[in-house]
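> Under this note's numbering, residues 87 to 187 are what the sequence shown spells out, in order. Note that beta-carbon positions come from the ideal geometry of N, C-alpha and C, so glycine has one too. What you are looking at is a predicted structure, and each value in this text was computed from that prediction instead of being measured. The structure follows.
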Amino acid sequence: MSIPGIDVPGLGCGLAILREGRLLLYRRLGAPEAGSWNIVGGKVDHMERAAHSARREAEEESGLAIGAVDLLCVSEQIIEEERQHWLSLIYVTEDFAGEPR
């Protein structure tokens, strides 16, 4: 069985959460990219729509209730030293409720 991101390109997602011209970022705690700042996101599960995955990951990581999202762009990341290859669908929203934790 192949491992997404290692044996074959993996599919990720991200969500750019905007409020009053500001972008919500968080600091990554784990690998890859520990210590760097990023938008919320993660891996798209098998048979899960990427937009749903972006909302789910954002809600889990930020504590916000996320509404409608729009596709912003596609990102490709190759981390040669870890032999990882990811394609990510990046979404954007201003439709959310609550305060980030």
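1. Can you check whether the CB of A117 is closer than 9 Å to the CB of A151?
2. Let me check understanding here. Comparing Cα to Cα, which of Y112, E119, P186 and D181 lies closest to V155?
3. Report yes or no: do three or more beta-carbon pairs, one from the segment 158-172 and one from the segment 142-150, lie closer than 8 Å?
4. Work out the CA separation of L173 and S139 for me, nearest whole Å.
5. Since I believe Y177 is in contact with L101 (beta carbons under 8 Å), could you give me their beta-carbon distance rounded to a whole number of angstroms?
On the basis of the data shown:
1. The answer is no: Cβ separation not under 9 Å.
2. That would be D181, whose Cα lies nearest to the Cα of V155.
3. no
4. 14 Å
5. The beta carbons of L101 and Y177 sit about 5 Å from each other, so the pair counts as a contact at 8 Å.
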